[in-house]
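S.K.: Listed in order, the protein sequences are those of chains A and B.
Take 234 as the starting number for the first sequence in this note's numbering and just add one per residue.
Take 234 as the starting number for the second sequence in this note's numbering and just add one per residue.
For reference, the structure I am asking about is given below.
Protein chains: 2
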Amino acid sequence: MRRDIFQAIADPTRRAIIGLIALQAMTPNAIAENFNTTRQAVSKHLRILTECELVIQQQQGREIYYSLQLEKMKEIDEWISQYREMWKASFNQLDNVLSTMKGQKK
Amino acid sequence: MRRDIFQAIADPTRRAIIGLIALQAMTPNAIAENFNTTRQAVSKHLRILTECELVIQQQQGREIYYSLQLEKMKEIDEWISQYREMWKASFNQLDNVLSTMKGQKK
DNA sequence: TATATTTACAACCGAATGGTTTCTTAAATA
DNA sequence: TATTTAAGAAACCATTCGGTTGTAAATATA
Numbered sequence: 234m235r236r237d238i239f240q241a242i243a244d245p246t247r248r249a250i251i252g253l254i255a256l257q258a259m260t261p262n263a264i265a266e267n268f269n270t271t272r273q274a275v276s277k278h279l280r281i282l283t284e285c286e287l288v289i290q291q292q293q294g295r296e297i298y299y300s301l302q303l304e305k306m307k308e309i310d311e312w313i314s315q316y317r318e319m320w321k322a323s324f325n326q327l328d329n330v331l332s333t334m335k336g337q338k339k
Numbered sequence: 234m235r236r237d238i239f240q241a242i243a244d245p246t247r248r249a250i251i252g253l254i255a256l257q258a259m260t261p262n263a264i265a266e267n268f269n270t271t272r273q274a275v276s277k278h279l280r281i282l283t284e285c286e287l288v289i290q291q292q293q294g295r296e297i298y299y300s301l302q303l304e305k306m307k308e309i310d311e312w313i314s315q316y317r318e319m320w321k322a323s324f325n326q327l328d329n330v331l332s333t334m335k336g337q338k339k
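Right, dumping it as structure tokens:
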């Protein structure tokens with residue numbers, strides 16, 4: 234069981250589930266209605282998402298509401314942020330080139 | 234062949250490769266030295282990364298230099314950004330709560 | 001030119017993945 | 001209480017994945 238967030242978001246169905254429950258908590262049945270698979274398959278996806286703490290459950294009678302754990306999504310953001318710094322830097326470098334060109338013109 | 238960027242970054246070795254070549258272009262042999270696998274396994278990872286355009290090749294004699302295509306990384310950033318907006322929003326909501334509390338105090 | 005080096009490609013293998021069907025448990029309802 | 005409904009768990013299956021070994025092609029070097 235590898236069960237890390239990057240593996241969790243690798244599956245397109247799971248990303249779609251994340252997109253759905255980000256807006257409002259939903260039951261497995263309600264989620265499954267949005268996909269062309271069985272409820273059980275969705276249940277499996279939810280288990281994976283739960284295991285890596287990307288979603289949280291909230292029992293209400295016999296229904297279980299799943300919702301997104303936004304905090305956990307930050308971990309992905311933190312990973313990508315280091316590269317965001319890089320493309321910002323390369324943009325600044327271009328900016329410097331343009332500044333230099335302007336300076337030469339003057 | 235699923236070959237999308239989310240599936241590409243799901244593997245920890247591939248994320249490590251991305252981290253390596255983000256700093257400087259490297260040959261498969263040089264990359265493989267950093268891992269406890271065969272050069273062929275690294276070669277396979279590079280193929281996957283190349284197929285989804287996360288890395289680019291630059292042939293130099295019989296050596297091939299691989300480097301990161303920063304632009305493509307933006308696609309992941311764009312996906313996560315919608316959720317970044319959400320946790321910013323929930324932070325602002327907390328901010329409002331705090332403001333209200335302050336107001337009540339006053 | 002013969003040999004060594006760098007790399008890609010193909011075939012194969014065990015484990016993991018995503019899916020299905022079937023079954024069980026627990027809560028709501030007739 | 002009997003039945004329906006919501007959901008998880010288990011068993012199974014085909015495919016994919018990450019890895020290995022072996023082979024082929026192309027460039028560099030003796």
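C-beta atoms are modelled at their ideal positions from N, C-alpha and C, and glycine is treated no differently.
Computed from a predicted model, the values in this text were never measured in an experiment.
With a cut-off of 8 Å, does the C-beta of Phe324(A) fall near any C-beta of chain B?
M.R.: no
S.K.: Answer with buried or exposed for Arg247(A), where buried requires no fewer than 16 other C-beta atoms within 10 angstroms of its C-beta.
M.R.: buried
S.K.: Mapping DSSP to helix, strand and coil, what is Leu301(B)?
M.R.: The answer is strand: DSSP assigns Leu301(B) an E or B state.
S.K.: Near Glu308(A), what residues of its chain come up, given a Cβ to Cβ distance below 6 Å and the 5 sequence neighbours on each side ignored?
M.R.: For Glu308(A), same chain residues with a beta-carbon under 6 Å away, outside a window of 5 residues either side, are Ile238 in chain order.
S.K.: Here's a check: name, in chain order, each residue in its chain whose Cβ is nearer than 6 Å to the Cβ of Lys277(A), leaving out the five neighbours to either side.
M.R.: none
S.K.: Cα-Cα, which of Leu253(B), Gln273(B) and Ala258(B) is closest to Gln290(B)?
M.R.: Ala258(B)
S.K.: In chain order, what residues of the region 302-313 of chain B put their CB closer than 9 Å to some CB of chain A?
M.R.: Leu303, Glu304, Met306, Lys307, Ile309, Asp310, Trp312 and Ile313
S.K.: Assuming Ile264(A) and Ile250(A) are in contact, meaning their beta carbons sit under 8 Å apart, how far apart are those beta carbons, in whole angstroms?
M.R.: 6 Å
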